[in-house]
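Heads up, the thing below is written out as structure tokens.
Residue numbers (the numbering used here), protein chains in the order written: chain R, 315 to 713; chain G, 5 to 105.
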């Protein structure tokens, strides 16, 4: 019999959230300012802003916004359209309403311009906040949790302290029946064969290798690996060295399956999120920054994202809390207000990997119970979404 | 014997990680020999655990992380100037070019 870890928000579709948010979503960059102004007075009161900048429709972007607007941390959604963009706003609105959430659409060209749309949106937000305050609360268990992990601003300490410590926390999550997701196949280049040995089923192994080989082809065509100058300044020399460090976030569990952005893992276990588009290279870099990766993990249902950093990233996210785990003790001393966990203690002999792994696990449970993370307290609500395309997953990918 | 400020991550590794920033003029003990540190070596950077020949694989975490572009002496800084990726070249800020391959 498991102990309850939190009092979750029960949605009409049966999923449980750890936050109870209103999201305002611009459906083209031209509606961004109006949506942002609408949110501004509520930005520290559980109202988040997200959106898609493009005017041309894109099935991946549609699916991402549908999954984000129906994420269990989201109680209500307001869509903001300019009016002429290609996004299928009526379909998105129907899909969100079908999950039982309050949802509405404002079209700036119909509302009568900037001020009227902002005023109407703010009235809607007030009313939605009152409505979702009555969301039923239910006990939540570790097995209800989906946890993602990403690394950003990595240096050579990341793969020694924070990443393997997250691996320990991931092992604890999987042992306790949670769903855990790792990603960025471009940062697994060089680890594909080691990783494939952990496939839960023989037919999954070649699919894992193919995901990473696809990333290798994509980045080689673009002429630039997933490797920033700061990585080299921090002592990382090659993409495969960075990959080995990143890979250690995955722990030692078997790999249960592969997801694409927006797929919710169907059963407990450890999953690889394939973030590199299928088909020929046509959308530019698979993820232009860490922010998009976090958004994709959340679209897969992540309640919490574990973000490891050596150089020192300060980001958070819309919708789901980000727990930042600092790998480098020198960075921690400079940026401690932005960090939740100091994994650099491991290098100074002040803690073991197992101890920091347990600390991360406990921090996940406290975050699920409502405790604010550093980035939440500082008001970070980053979000970014651009064009991609994916083919349906093959039968080998999921249990 | 290796200096306590050096970390070997796997028995098969031919590079060691510096776990404390070293200043120019400092020295390190690598496999029993005293090696001078000619330039600042920040936390996390690598030094050779033994002499490494041109085109030899660089091994860290027990896995290959690239190949030597030139002979590397024991205790020498191992980075973009003397090793290369076997997959995708590493990019440097500013110069608008990849590190020499």
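The beta carbon of each residue, even a glycine, is placed where N, CA and C say it ideally should be. In this text the structure is predicted, and so the values were computed from the model without any measurement.
Helix, strand or coil at residue i [DSSP, three-state]
| i | result |
| --- | --- |
| residue 463(R) | strand |
| residue 612(R) | helix |
| residue 38(G) | strand |
| residue 100(G) | Bear in mind that the predicted position of residue 100(G) carries a pLDDT of just 46, short of 50, making it too unreliable to give a figure here. |
| residue 486(R) | helix |
| residue 10(G) | strand |
| residue 471(R) | coil |
| residue 434(R) | helix |
| residue 330(R) | strand |
| residue 356(R) | helix |
| residue 657(R) | helix |
| residue 693(R) | coil |
| residue 638(R) | strand |
| residue 418(R) | strand |
| residue 585(R) | strand |
| residue 88(G) | strand |
| residue 631(R) | coil |
| residue 33(G) | strand |
| residue 105(G) | Reliability of the predicted coordinates at residue 105(G) is poor, the pLDDT of 38 falling under 50, and the value obtained from them is presented with this limitation in mind. Three-state result, residue 105(G): coil. |
| residue 323(R) | strand |
| residue 677(R) | helix |
| residue 380(R) | helix |
| residue 5(G) | coil |
| residue 340(R) | strand |
| residue 712(R) | coil |
| residue 73(G) | coil |
Cβ-Cβ distance between residue i and residue j below 8 Å
| i | j | result |
| --- | --- | --- |
| residue 696(R) | residue 629(R) | yes |
| residue 67(G) | residue 508(R) | yes |
| residue 614(R) | residue 577(R) | yes |
| residue 644(R) | residue 47(G) | yes |
| residue 335(R) | residue 449(R) | no |
| residue 465(R) | residue 623(R) | yes |
| residue 340(R) | residue 702(R) | no |
| residue 427(R) | residue 327(R) | no |
| residue 422(R) | residue 395(R) | yes |
| residue 611(R) | residue 674(R) | no |
| residue 712(R) | residue 571(R) | yes |
| residue 641(R) | residue 658(R) | yes |
| residue 639(R) | residue 461(R) | no |
| residue 537(R) | residue 452(R) | no |
| residue 78(G) | residue 43(G) | no |
| residue 677(R) | residue 660(R) | no |
| residue 76(G) | residue 52(G) | yes |
Integer-rounded CB distance, given that residue j should sit under 8 Å from residue i
| i | j | result |
| --- | --- | --- |
| residue 457(R) | residue 490(R) | 7 Å |
| residue 21(G) | residue 13(G) | 7 Å |
| residue 70(G) | residue 527(R) | Contact flag wrong, Cβ pair sits at about 19 Å. |
| residue 582(R) | residue 492(R) | 7 Å |
| residue 473(R) | residue 378(R) | Rounded, the Cβ-Cβ distance is 29 Å, inconsistent with contact. |
| residue 385(R) | residue 402(R) | In fact, because the Cβ distance is near 19 Å, the residues do not count as touching under 8 Å. |
| residue 417(R) | residue 390(R) | 7 Å |
| residue 552(R) | residue 584(R) | About 26 Å separates the two Cβ atoms, so there is no contact after all. |
| residue 87(G) | residue 72(G) | 5 Å |
CB contact below 8 Å: residue i versus chain A
| i | result |
| --- | --- |
| residue 11(G) | Looking for chain A here will not work: the only protein chains present are R and G. |
Residue i beta carbon near the ligand MG (any heavy atom closer than 7 Å)
| i | result |
| --- | --- |
| residue 17(G) | Absence of the ligand MG from the depicted structure is noted, as is the absence of any ligand whatsoever, leaving it without description. |
**Prompt:** Between the segment 32 to 57 of chain G and chain R, which residues of the former have CB atoms less than 7 Å from a CB of the latter, in chain order?
**Reply:** 46, 47, 48, 49, 50
**Asked** Which residues, taken in chain order from the segment 540 to 573 of chain R, show a beta carbon closer than 7 Å to some beta carbon of chain G?
**Response** 541, 543, 546, 548, 549, 551, 552, 553, 554, 555, 558
**Request:** Quick one: which residues of the segment 65 to 81 of chain G get their C-beta closer than 8 Å to a C-beta of chain R? List them in chain order.
**Result:** 65, 67, 68, 69, 70
**Message:** Closer than 7 Å between beta carbons: that is the criterion. Which residues of the segment 632 to 659 of chain R meet it against chain G?
**Reply:** 642, 644
**Asked** Does the segment 676 to 696 of chain R come within contact of the segment 650 to 661 of chain R, defined as at least 3 CB pairs closer than 8 Å?
**Response** yes
**Request:** Could you tell me whether the segment 358 to 368 of chain R touches the segment 587 to 602 of chain R, where touching means 3 or more Cβ pairs closer than 8 Å?
**Result:** no
**Message:** Residues of the segment 460 to 481 of chain R in Cβ contact with chain G at a cutoff of 8 Å, in chain order, please.
**Reply:** 469, 470, 471, 473, 474
**Asked** Any residues in the segment 492 to 504 of chain R with a beta carbon nearer than 8 Å to a beta carbon of chain G? Which ones, in chain order?
**Response** 503, 504
**Item:** Short-range partners of chain G found in the segment 317 to 335 of chain R, where Cβ spacing is below 9 Å
**Value:** none
**Request:** Indicate whether the contact test is met: 3 or more Cβ pairs, each with one atom in the segment 529 to 540 of chain R and one in the segment 490 to 501 of chain R, closer than 8 Å.
**Result:** yes
**Message:** Using a Cβ distance threshold of 8 Å, determine whether the segment 467 to 477 of chain R contacts the segment 426 to 437 of chain R, with at least three qualifying pairs required.
**Reply:** no
**Residues from the segment 525 to 539 of chain R in contact with chain G, defined by Cβ distance under 7 Å** = 530, 533, 534, 538, 539
**Prompt:** Pairing CB atoms from the segment 599 to 606 of chain R with CB atoms from the segment 509 to 521 of chain R, are three or more of them under 8 Å?
**Reply:** no
**Touching by the beta-carbon criterion (3+ pairs, under 8 Å), the segment 346 to 360 of chain R and the segment 403 to 412 of chain R** = no
**Item:** Near-chain R residues of the segment 83 to 95 of chain G - C-beta to any C-beta below 8 Å
**Value:** 83, 84, 87, 88, 89, 90, 91, 92, 93, 94, 95
**Message:** Residues of the segment 506 to 525 of chain R in Cβ contact with chain G at a cutoff of 8 Å, in chain order, please.
**Reply:** 508
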